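Taking it in order: structure first as structure tokens, then the write-up.
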Amino acid sequence: MTAVTDEILTFDEAMEKYDPVLGFEVHVELNTRTKMFSSAPNAFGDVPNTNVTPVDLGLPGVLPVVNGVAVESAIKIGLALNCRIAEKCYFARKNYFYPDTPKNFQTSQFEDPIAYDGSIDIELADGTVFTVEIERAHMEEDAGKLTHMGGSTGRIQGAEFSLVDYNRAGVPLIEIVTKPIVGAGSRAPELAKAYVAAIREIVKNLGVSDARMERGNVRCDANVSLKPKGQEKFGTRTETKNVNSLRAVEHAVRYEIQRHAAVLDSGTPILQETRHWHEDTRSTTSGRPKSDADDYRYFPEPDLVPVVTNEAWIEKLRAELPEPPAERRKRLQADWGYSDAEFRDVVNAGVMSSIEDTVAAGVSAAVARKWWMGEISRRAKLADVEPAELGVTPELIVELNALIESGKINDKLSRDVLDGVLAGEGTPAEVVEKRGLAVVSDDGPLLEAIDGALAAQPDVADKIRGGKVQAVGAIVGGVMKATRGQADAGRVRELILQRLGVEG
Amino acid sequence: MAEINRDDVAHLARLAHIDMTDEELDRMAGELAVIVDSIKSVSEVAGDDVPATSHPIPLSNVFREDVVGETLSNEEALLGAPDNADGRFKVPAILDGE
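Residue numbers (numbering that gives the first Met the number 0), protein chains in the order written: chain A, 0 to 503; chain B, 0 to 97.
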């Protein structure tokens, strides 16, 4: 990689002068059993060039046949994005010469996408809603996977040769294209992330894609341009390719806004080009400019016949759609009785489904929230993973909660029990046993500890005797320390007050 | 329809990464122009009321069940490849010359 560092403005500087315009092309890999036009398996991670048929390799004389399930998935995505579904649409050949497609063309759709003119509401973390207009969603096929060899770090620049695996070639793709998104202002990077997250959530919820970004099931190309504040006409855009995590989408949009602003400030026009995102430096570098190599010479695919829809078919598919994620959120918030702020925190922490499962397993919504937003989120942050990835099951929370409610352990001890369970020491009850974590419920040792704590802080004891009941906390703290947390704080408080002859 | 000229042929050859000599470009421009002219005669009979068609048989919705079929083995897949390594097709450096 060349060590050219572009000048950038700070984000705030850029926002003072310019309004960003965004546009996204999100590619969604469907999770059909077979490919778009062949009966080869659609599977990730298999031995290279084994999930291939002569169709996928573009061998002479082959004929593609459309996967009917993929068409239905495309229609479902269109419906979920509130699109109109085409009555009649065609496939087209997008011609280009590059080894990721052995056919020298990608079978796609050009003038007649299966779905068009949609919109979705995107809710940001603070509850602000932006409506993103969808231009189209069309059917196409994925390309093969290239590995560049002999260069420095697997980059295409300086590579001596490339190796190609066509297992992915022909995997069904739906490309979702937005209309230009204006008016997001300084919320643009956040909106970018939220939009891609919403698409991922929708296709996952529909069950039409595994939606795993780390596997490339959902990939985003982000278009950014700036226009001076008050100007109507859009500026020249750049397209940052394959920004493949939610965080990267946000960062890439932010970076391109800052870079565009610096270029425009210097009086230089923006070059319409592809940019490559680099996660390590959190910056983009120039890809290739738009050139005559982008002359794709689309023409209707002569080997495939049109897809014709009708109302009965579309309505049947519409009836199969699951509850939309946004409506599901509304329903769950009402069921659980969380405040707007509480619910938003739950959604942002990515634990809504976990709480749903935990409530279904038999604890109250308040208890489920306490666990997922408290101890589990804390651990997830420390381990830099998603809370749901820690291996805490709803059943485990139910068991821990039952132990707390029965008085066998307290909140503090329950964390040690969780440690033990996650370390593979057995069920919560077994961990309590093995680690000797049960609450000290025998008053004898507690009274001993209380007397010790009172003797250690005679002035506090006097205050309590004198009626300052709130001072009891200092004594409770001393007792909890002496019993290494294995006491029920409520019981300790009661006993202290009894000991001092004070009414709680 | 526009005539096919020598520049068009050179452009297409470049897109397809095919090296063509001047002589080949001249010859191909002539041959392709004849073909384009022949096809042009179709538009003489097809009026505005005839929709553009890409398939001669009026079929629609020819779909396949989503059922896995036979695949090639890795060896079979690579059989026709000019070069391979590590079970994959080996192709020359892609950015070479750009």
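We put the beta carbon where it would ideally sit given N, CA and C, even for glycine.
Treat the numbers as computed from the prediction; the structure is a model and nothing was measured.
- Taken through DSSP and simplified to helix, strand or coil, Gln497/A comes out as helix.
- Less than 8 Å separates the beta-carbon of Ala9/B from that of Leu24/B.
- Annotated as proximal: Ala73/A and Ile113/A, with beta-carbon spacing under 8 Å.
- Here Gln257/A carries a helix assignment [DSSP, helix/strand/coil].
- For Ala51/B, the secondary structure class from DSSP, reduced to helix, strand or coil, is coil.
- For the region 56-69 of chain A, residues whose beta-carbon sits nearer than 7 Å to a beta-carbon of chain B comprise Leu56, Val64, Val65, Asn66, Gly67, Val68.
- Within chain B, the residues whose beta carbon sits less than 7 Å from that of Asp294/A are Leu14, listed in sequence order.
- Contact annotation for Asn60/B against chain A: Val306, Val307 [CB-CB distance below 7 Å, chain order].
- With a cutoff of 8 Å on beta-carbon distance, Arg281/A and Glu255/A are scored as not near each other.
- Nearest neighbour of Arg83/A by Cα position, chosen from Ile313/A, Ala382/A, Glu272/A, Arg328/A, turns out to be Ile313/A.
- By the beta-carbon neighbour count (other beta carbons within 10 angstroms, threshold 16), Asn409/A is buried.
- Close CB contacts of Pro299/A within its chain, under the 6 Å cut and outside five residues either way in sequence, are with Tyr89, Ala91 (chain order).
- Ala45/B has a beta carbon lying at 8 Å or more from every beta carbon in chain A.
- By a beta-carbon distance limit of 8 Å, Glu249/A contacts Glu189/A. Their separation comes to about 7 Å.
- Between Val25/A and Ile175/A, the alpha-carbon positions lie close to 5 Å from each other.
- Not a single C-beta of chain A is nearer than 8 Å to the C-beta of Ser42/B.
- A Cβ-Cβ separation of about 5 Å places Gly86/B in contact with Pro47/A under the 8 Å criterion.
- Contact annotation for Asn73/B against chain A: Val46, Pro47, Asn48, Thr49 [CB-CB distance below 8 Å, chain order].
- Taking 8 Å as the threshold, the shortest C-beta distance from Thr70/B to chain A falls below it.
- Val163/A has a beta carbon lying within less than 8 Å of a beta carbon in chain B.
- Looking at the backbone, the Cα of Val366/A and that of Lys411/A are separated by about 15 Å.
- Taken in chain order, the complete alpha helix (DSSP H) segments of 4 residues or longer contained in the region 438-492 of chain A are 442-455, 457-464, 471-481.
- As summarised for the region 20-104 of chain A, the continuous alpha helix (DSSP H) elements at least 4 residues long and confined to that stretch are 67-79, given in chain order.
- Pairing Asn204/A with Pro324/A gives a Cβ-Cβ distance under 8 Å.
- One alpha carbon belongs to Gly484/A, the other to Val384/A, and they sit about 28 Å apart.
- In terms of CA proximity to Pro427/A, Asn400/A leads the group Thr146/A, Asn400/A, Gln469/A.
- In this structure, the CA atom of Ser118/A is about 7 Å from the CA atom of Thr130/A.
- Residues of the region 78-94 of chain B that bring their beta carbon within less than 7 Å of a beta carbon in chain A comprise Ala84, Asp85, Gly86, Arg87, Phe88, Lys89, Val90, Pro91, Ala92, Ile93, Leu94, in sequence order.
- Listed along chain A, the residues sitting closer than 9 Å to Glu64/B by beta-carbon distance are Thr33, Ser38, Asn66, Gly67, Val68.
- Apart from the 5 residues on each side of it in sequence, Asp18/A sits with its Cβ closer than 6 Å to the Cβ of Lys226, Lys228 in its chain, given in chain order.
- Put simply, the CB of Ala76/B is near chain A, with a gap under 8 Å to one of its CB atoms.
- Scanning chain A for C-beta atoms nearer than 8 Å to the C-beta of Ser53/B yields Tyr89, Phe298, Pro299, Glu300, Pro301, reported in chain order.
- Annotation: Gly184/A to Arg214/A spans about 31 Å, alpha carbon to alpha carbon.
- In the same chain as Gly143/A, and ignoring 5 residues on each side of it, the C-beta atoms closer than 8 Å to its own belong to Pro98, Asp99, Thr100, Pro101, Val163, Asp164, Tyr165, Asn166, Arg167, Ala168, in chain order.
- Shortest Cα-Cα distance from Pro386/A to any of Thr267/A, Ala193/A, Gly373/A, Arg218/A involves Gly373/A.
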